[in-house]
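Asks:
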Amino acid sequence: MIDKKKLGVVFRNLREDIHINGRQLSIERLSDKSGLGTTTIQSIEYGKANPSLFTLDILCQALGVKLSIIVAQAEHTT
C-alpha cells in the first residue's frame with residue numbers, strides 16, 4: 002500500500018512544477034481542469050485523504066501524467 006502522505010507530496014510537487022503563462026499551476030486551476038473540488042485536491046496533497054483510484058486517475062489526466070508514474074515516484078519518495 003502506498004503511503005498517502007508520500008502520494009500527496011508527489012502530486013503537490015508535480016502541480017508546483019507545472020507552469021502556465023509563467024505562473025505555477027494553482028489548486029484552483031487544477032480544480033477547474035479536473036472537476037474536483039479545491040478541498041479534495043488540498044486533502045490529497047497534504048496526505049489527509051484516501052482518494053479512490055478513479056479520483057487519482059482524474060487528477061493524473063488533468064496533470065497529463067500516467068498514474069503508474071505517480072505511484073512509482075511515491076514508492077521511492079523518502
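When you line the sequence shown up against our numbering, it's residues 2 to 79, in that order.
Idealized CB from N, CA, C, for every residue including glycine.
These numbers come from a predicted model, not from an experiment.
#1: What do you reckon, are the CB atoms on Glu-76 and Ile-21 nearer than 8 angstroms?
#2: If you measure between the beta carbons of Val-66 and Leu-15, is that distance less than 8 angstroms?
#3: Quick test of the definition: if touching needs 3 or more C-beta pairs under 8 angstroms, does the segment 23-30 touch the segment 53-61?
#4: If you drop the 5 nearest sequence neighbours on each side, which residues of the same chain put their C-beta closer than 7 angstroms to that of Ser-44?
#5: Here's the rule: buried if 16 or more other CB atoms are within 10 angstroms of the residue's CB, otherwise exposed. What is Ala-63?
#6: Please state whether DSSP places Ile-59 in a helix, a strand or coil.
#7: Check Ile-3 in the structure and name its three-state DSSP category.
Replies: Considering the structure as presented:
#1: no
#2: yes
#3: Touching, no.
#4: So the list reads Ala-50, once near-sequence residues are dropped.
#5: buried
#6: helix
#7: In the structure shown, the three-state DSSP call for Ile-3 is coil.
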